[in-house]
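Chemist:
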Amino acid sequence: MHYTIDPLRRINFTEIEKLIQRSEYFVLHAPRQSGKTSCLYAIMNYFNHGNTYRAMYVNIEAAKAANEDVNEAMRTICSVLISAAELHIGDKSGEMMHKKLNELNNWQDALRTTITHFSKNDYTQPNTPRPLILMIDEIDALVGESLVSVLLQIRSGYNDRPHVFPQSIILCGVRDVKDYRIQSNNTKFSEKGGSPFNILAKSIRLGNFSKAEIVELYQQHTDATGQKFTPEAIELVWQYTKGQPWLVNKLAYEAAFELEEMQDRTIPIDAETIKKVKENLVLSRVTHLDQLANKLKEERVFKIIHPIISSADNTENTDPDDLQYCIDLGIIAKDPETKRTEISNEIYKEIIPRELTTVLQMNLETTGKELTWFQKKDSCGNVFLDFEKLLLGFQQFYRENSEHWLAGMQYREAAPQLLLQAFLQRVVNGGGWIEREYGLGRGRTDLFVLWPVGDNPKQRSQKPDMHYTIDPLRRINFTEIEKLIQRSEYFVLHAPRQSGKTSCLYAIMNYFNRGNTYRAMYVNIEAAKAANEDVNEAMRTICSALMRAAQTHLNDKSFFELDKELNKTNKWQDALSYSITHYSSNDYTQPNTPRPLILMIDEIDALVGESLVSVLLQIRSGYNDRPHVFPQSIILCGVRDIKDYRIQSNNTKFSEKGGSPFNILGDSFRLGSFSKAEIVELYQQHTDATGQKFTPEAIELVWQYTKGQPWLVNKLANDSVFKTIEMRDRTKIVDAETIKKVKENLVLSRVTHLDQLANKLREERVFKIIHPILSGTDEINHLPKDDLDYCIDLGLITKNAETRQIEISNAIYREVIPREITYMSQESFEASQPKRSWYIDEDGTPEGKINFHRLLESFQQFYRENSEHWLAGMQYREAAPQLLLQAFLQRVVNGGGWIEREYGLGRGRTDLFVLWPVGGNPKQRVVIEIKVKREKQNLDTLIEKGIEQTKEYMQRCNATHGHLFVFNTDPNKTWDQKVYHKPLNKEITLWGC
435 MHYTIDPLRR
445 INFTEIEKLI
455 QRSEYFVLHA
465 PRQSGKTSCL
475 YAIMNYFNHG
485 NTYRAMYVNI
495 EAAKAANEDV
505 NEAMRTICSV
515 LISAAELHIG
525 DKSGEMMHKK
535 LNELNNWQDA
545 LRTTITHFSK
555 NDYTQPNTPR
565 PLILMIDEID
575 ALVGESLVSV
585 LLQIRSGYND
595 RPHVFPQSII
605 LCGVRDVKDY
615 RIQSNNTKFS
625 EKGGSPFNIL
635 AKSIRLGNFS
645 KAEIVELYQQ
655 HTDATGQKFT
665 PEAIELVWQY
675 TKGQPWLVNK
685 LAYEAAFELE
695 EMQDRTIPID
705 AETIKKVKEN
715 LVLSRVTHLD
725 QLANKLKEER
735 VFKIIHPIIS
745 SADNTENTDP
755 DDLQYCIDLG
765 IIAKDPETKR
775 TEISNEIYKE
785 IIPRELTTVL
795 QMNLETTGKE
805 LTWFQKKDSC
815 GNVFLDFEKL
825 LLGFQQFYRE
835 NSEHWLAGMQ
845 YREAAPQLLL
855 QAFLQRVVNG
865 GGWIEREYGL
875 GRGRTDLFVL
885 WPVGDNPKQR
895 SQKPDMHYTI
905 DPLRRINFTE
915 IEKLIQRSEY
925 FVLHAPRQSG
935 KTSCLYAIMN
945 YFNRGNTYRA
955 MYVNIEAAKA
965 ANEDVNEAMR
975 TICSALMRAA
985 QTHLNDKSFF
995 ELDKELNKTN
1005 KWQDALSYSI
1015 THYSSNDYTQ
1025 PNTPRPLILM
1035 IDEIDALVGE
1045 SLVSVLLQIR
1055 SGYNDRPHVF
1065 PQSIILCGVR
1075 DIKDYRIQSN
1085 NTKFSEKGGS
1095 PFNILGDSFR
1105 LGSFSKAEIV
1115 ELYQQHTDAT
1125 GQKFTPEAIE
1135 LVWQYTKGQP
1145 WLVNKLANDS
1155 VFKTIEMRDR
1165 TKIVDAETIK
1175 KVKENLVLSR
1185 VTHLDQLANK
1195 LREERVFKII
1205 HPILSGTDEI
1215 NHLPKDDLDY
1225 CIDLGLITKN
1235 AETRQIEISN
1245 AIYREVIPRE
1255 ITYMSQESFE
1265 ASQPKRSWYI
1275 DEDGTPEGKI
1285 NFHRLLESFQ
1295 QFYRENSEHW
1305 LAGMQYREAA
1315 PQLLLQAFLQ
1325 RVVNGGGWIE
1335 REYGLGRGRT
1345 DLFVLWPVGG
1355 NPKQRVVIEI
1365 KVKREKQNLD
1375 TLIEKGIEQT
1385 KEYMQRCNAT
1395 HGHLFVFNTD
1405 PNKTWDQKVY
1415 HKPLNKEITL
1425 WGC
């Protein structure tokens, strides 16, 4: 299925064979995704092809969910050991062994009992039993007493080898066993270093690919397809990766299969192609690189990486154990020529500074000028970088912002270098490259900037019978998904709520079930949410849903048989893995020629804590047995990308802050919103069916209100043509005024979709992001990147493609959020203030004009009397002045007008555009610019800048009048000093508060 380097050659198999012949126990370790599991499988298959030994591989990662519950951990490990024995050495004694263990009920010693059983009994050669070779993968997934128990049980049987205990045991993980930190939460047992397992003969580290192995690996692609890699491309891969296996494979895969132009196999893959895919890879934050980034927060890693990226000269205080830990993780290496400790490869070297300054880079993109400000042209029109202008810009930025930005940074000693690199990153984003050199004892950081001159690089961007619909398979780039399934990949599909995820999964399932190559099954596991962290109850619910889904979608009639078996064994910790294996192995409709299974699991992020961990680890444990014993492909679907899952356990102290225990993902797809063309296509289906048309202005307004959010697009159209009584006459055209009316009704109705959105505003993670957006603050350096991603995944915010600003996703959400936060205040205003006629000037027309001076004077008085009390209890305190004024003005909307809002990160202001119908048409057009004077800001400068912004906004909105409203938060100023208003000219009035 894959191009590969012979695993037995990579690990010096001759030496390993000698260790096994001498009946030694030893360790095989390497960083994640380096090929450890492939090596273990190769060893197992080698010995099982012979007749001297039996070999068995077992992955015990599922026991991680048990934390330090030794009994639960041993149940899980023994269960997977029994399953592995049946799978790999044909041992059918599993049911008998389960019964024996349950009768003994001595789980503290159950692992030794189980290993002894399989060592003594050769099921296929009972008269001449062959010694057993046992390979235990993911040994370092265990912690504390669970890990100690495993090691001590192995130690206790060591002297009984090879007839009563295994001939050889290979422990496999990321770390060398001597580095295991054994910490116990439930007892006072603690061993800082070393291990109670002192019988190891050797520790073997699986290395990276050599340059020759990269050439050999890539030649396999050439032999299979005819497409060549140039020598320069292979050299660049070596420079970028230093042979790290996952990176070597990923760069080649992206170049040969993901780039459309490279699908033509006559085109060779050159260095420029590798540069392009490397940049895309760094920006994509795939699981492998995201896990690396999460390690940077660990204290042990921080102690090593901090002096490296600050290029500290003094390396005497470096803890050797922490140094070895980072080497085992694959983050650092010792250069064989210079003997310096440095980051392992160029890609990691680029990822680390980027990750530590991600939010700052967003800030610079948002608040900085256009990219052209640091460019200059020669007489031939070639574009050069003006480094003097660029670095002068950085000096000014550092002078103004460094004190605040450095104060909250973990990697403080390296902060100046990181800040400059983040500033220069705009060069990369503008089409160039930055190469970095830094390391322990260097005393400096070197940056090498390359910019293409005379070259113009391309921009790199990263039920139909019942409803009108856009083809779901077209929305998700189905060609790419089909390729992933054919390659037996596991991947994620995610999108905000009510974006069409389930429709896409059903469309995928129906597509494959119409063919005869695969079986496809959809299951929704949201019901397991009620189980919370009760793993047994969650697995019962999920397995039940899985069995019903198999009956519905695959016509599989084994529901009652499997249900009876699960309840009989009562082993719910691995019941999901067992059930998935059952359906993968058995094709009810084609028992003689079973087809591989495609499994789609929806609402995966409804699970929490140990329940989620258990599902992910059970899937992970069966991954290597695909496609005949485990699914060909699994699609996990939810609101969030799996890298963002927060795994928190209430019942134990298990906690994984970021990343995921599920590191086998092939890709992650985000289902996007509708394009404007798709809205036109969707609405045209209604026109074709009924004859009723939407005007171009109506469709444009829908786009402006929704930016293509699928639920909003459908809701506005549905309410227009089915709920608006006059529009049920299909001869009438749906125009912009109709869309305005249903939008306002939609916002006021607080329907489930918008109510769920509003509820999210109370979450701390959402508050951290939405608060500065609402307040328009310029200080966005410390926004947590994970929280930013969370809000993007929820669909609350987006990055404007043109301005690069982080902003609320669409105009409807932009209106709902301030309304929701100030809902009770609006109710209070309506109850306590006179009728709306007090702020209307009657001028003989059916509708008079708003008297904004009367309206805003009233607000000044209200704010003066009530703000202290009202602001004190508000969660969104920094944005409170703007929100309170918007709540006060909301009566205008409720009286028949409209307010359009603009606010966002780094804007430093909130813009309101009020439209009021005079004589039935929106004739009165008034702009209100809101600014808040913060500490250390100069009031005169703030007002001067605000006037210019008000003028610009008035011109853009074609407004007749403007009001600049400045809230002064200086506690040393009296109310008489703060509250004033004065006309600046005929069009603009300045208000203080």
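Numbering-wise (our numbering), the sequence shown opens with residue 435 and increments by one.
Glycine included, each C-beta is placed from N, C-alpha and C at the ideal position.
Only a predicted model underlies this, so the values are computations on that prediction, with no experimental measurement involved.
Is it true that the segment 1165 to 1183 meets the segment 1231 to 1242, where meeting means three or more beta-carbon pairs spaced less than 8 Å apart?
Modeler: no
Chemist: Considering only the beta carbon of each residue, do L568 and M490 sit closer than 7 Å?
Modeler: yes
Chemist: For D424, name the three-state secondary structure that DSSP assigns.
Modeler: In the structure displayed, the chain extends from 435 to 1427; residue 424 sits before or after that span and is not available.
Chemist: Under a three-way DSSP split, which group does S1102 fall into?
Modeler: strand
Chemist: From E1312, G827, E960 and G677, pick the residue whose C-alpha is nearest to that of A646; which is it?
Modeler: G677
Chemist: So, for E688: in the same chain, excluding its five sequence neighbours on each side, which residues have a beta-carbon less than 6 Å away from its beta-carbon?
Modeler: V711
Chemist: Could you have a look at W885 and say whether DSSP puts it in helix, strand or coil?
Modeler: coil
Chemist: Among I1069, L858, N642 and I1014, which residue has its Cα nearest to the Cα of W885?
Modeler: L858
Chemist: So, for G1331: in the same chain, excluding its five sequence neighbours on each side, which residues have a beta-carbon less than 7 Å away from its beta-carbon?
Modeler: Answer for G1331: V1348, L1349, W1350 and P1351, listed in chain order.
Chemist: For G877, is the classification buried or exposed, using 16 other Cβ atoms within 10 angstroms of its Cβ as the cut-off for buried?
Modeler: exposed
Chemist: For the pair the segment 1064 to 1073 and the segment 991 to 1000, tell me if three or more CB-CB distances fall below 8 Å.
Modeler: no
Chemist: Considering only residues of the same chain and omitting the five flanking positions on each side of V1250, which have a CB-CB separation below 8 Å?
Modeler: V1181, L1188, L1191 and A1192
Chemist: At a cut-off of 6 Å, is F828 close to the ligand PLP when judged by its beta-carbon and the heavy atoms of the ligand?
Modeler: No copy of the ligand PLP occurs in the structure displayed, which carries no ligand at all.
Chemist: Is the Cβ-Cβ distance between Y1473 and I743 less than 7 Å?
Modeler: This structure leaves residue 1473 out entirely; the chain is present only between 435 and 1427.
Chemist: Within the same chain, show all residues whose beta-carbon is closer than 8 Å to that of R1343, passing over the 5 residues directly before and after it, in chain order.
Modeler: G1210, Y1337, E1363, I1364, K1365, G1380 and Q1383
Chemist: Are three or more beta carbon pairs between the segment 467 to 474 and the segment 436 to 446 nearer than 8 Å?
Modeler: yes
Chemist: Do you know how far the Cα of D1021 is from the Cα of F643?
Modeler: 40 Å
Chemist: Helix, strand or coil: how does DSSP classify C473 here?
Modeler: helix
Chemist: Quick test of your reading: Q1309 and L1346, contact by CB under 8 Å. State the CB separation rounded to the nearest angstrom.
Modeler: Incorrect: roughly 22 Å between the Cβ atoms, too far for contact.
Chemist: So, L545 versus Q601, is the Cβ gap smaller than 7 Å?
Modeler: no
Chemist: At least one CB of chain B closer than 7 Å to the CB of Q830: is that the case?
Modeler: Here there is only one protein chain, and chain B is not present.
Chemist: Tell me whether the beta-carbon of H1433 lies closer than 7 Å to the beta-carbon of R609.
Modeler: The first residue shown for the chain is 435 and the last is 1427, placing residue 1433 beyond what the model contains.
Chemist: May I ask which residues mark the beginning and end of the beta strand (DSSP E) holding H928?
Modeler: Per DSSP, H928 belongs to the beta strand (DSSP E) from Y924 to H928.
Chemist: With three or more C-beta pairs closer than 8 Å as the rule, is the segment 1120 to 1127 touching the segment 1138 to 1148?
Modeler: no
Chemist: Are the segment 770 to 786 and the segment 901 to 909 in contact at 8 Å, needing three or more beta carbon pairs?
Modeler: Cβ pair count under 8 Å is below three, so no.
Chemist: For L576, tell me which candidate among P1030, I633, D525 and N501 has the shortest Cα-Cα distance.
Modeler: Nearest of P1030, I633, D525 and N501 to L576, Cα basis: N501.
Chemist: Would you grab the beta carbon distance between V598 and K534 for me? Rounded to a whole angstrom, and I think it's under 8 Å.
Modeler: Contact doesn't hold; Cβ gap of about 16 Å is too wide.
Chemist: Classify F1322 as buried or exposed, calling it buried when 16 or more other Cβ atoms lie within 10 Å of its own Cβ.
Modeler: Counting every other CB atom within 10 Å of its CB across the protein chains shown gives F1322 a total of 16 or more, marking it as buried.
Chemist: Measuring straight from C-alpha to C-alpha, what distance separates L757 and H740?
Modeler: 12 Å
Chemist: To the nearest angstrom, how far is the alpha carbon of I1284 from that of L1305?
Modeler: 28 Å
Chemist: Around the C-beta of E495, are 16 or more other C-beta atoms found within 10 angstroms, so that it is buried, or is it exposed?
Modeler: buried
Chemist: Can you check which of these residues, S1109, I703, A518 and T936, is closest to D1036 by C-alpha distance?
Modeler: T936
Chemist: Would DSSP call S644 helix, strand or coil?
Modeler: coil
Chemist: Indicate the three-state DSSP secondary structure (helix, strand or coil) for M531 in the structure shown.
Modeler: helix
Chemist: Would you mind sorting G628 into buried or exposed? The rule is 16 or more other CB atoms within 10 Å of its CB.
Modeler: Note that G628 scores 45 on pLDDT, short of 50, meaning its location in the model is unreliable and no value can be drawn from it.
Chemist: Could you have a look at C1225 and say whether DSSP puts it in helix, strand or coil?
Modeler: C1225: helix per DSSP, three-state reduction.
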